[in-house]
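Residue numbers (the numbering used here): 162 to 254.
We put the beta carbon where it would ideally sit given N, CA and C, even for glycine.
Treat the numbers as computed from the prediction; the structure is a model and nothing was measured.
So this is what it looks like as C-alpha cells:
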C-alpha cells in the first residue's frame, strides 16, 4: 500500500517556523515576567559623600621607603553630618 502525505514540505517548514517563533516568544515572556517579579520595587537610596582632597609633600632625602597603606572610610550620620575615619595598616613587603 502506498501512503499519501497529508502535508507538503512547504507547509511543514512553515509549521516549524511558526512553532519556533512561538517558543522564542514564550521564553522571552517568561524571562520578562521573572525579572518583573524578582526586581525590587523601590530603588536603594544613594548616599553621596563630599569630595575629599589628600595632599602630601616630598622630602629632600633621596631614599625610597615604602609607606604604610591607609584606608579611609566615610559615612554620614543620621543627622547628615559627614564622618571619616582612617586606619593605618603595616607596610606590605
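Counting pairs of Cβ atoms below 8 Å between the stretch 204-224 and the stretch 234-245, do you hit three or more?
yes
Report yes if the CB atom of residue 231 is closer than 8 Å to the CB atom of residue 245, and no otherwise.
no
Can you check the stretch 207-244 for any alpha helix (DSSP H) of at least 4 residues that lies completely inside it and give the ranges in chain order?
none
Name the two residues that bound the continuous alpha helix (DSSP H) containing residue 173.
170-199 is the extent of the alpha helix (DSSP H) around residue 173.
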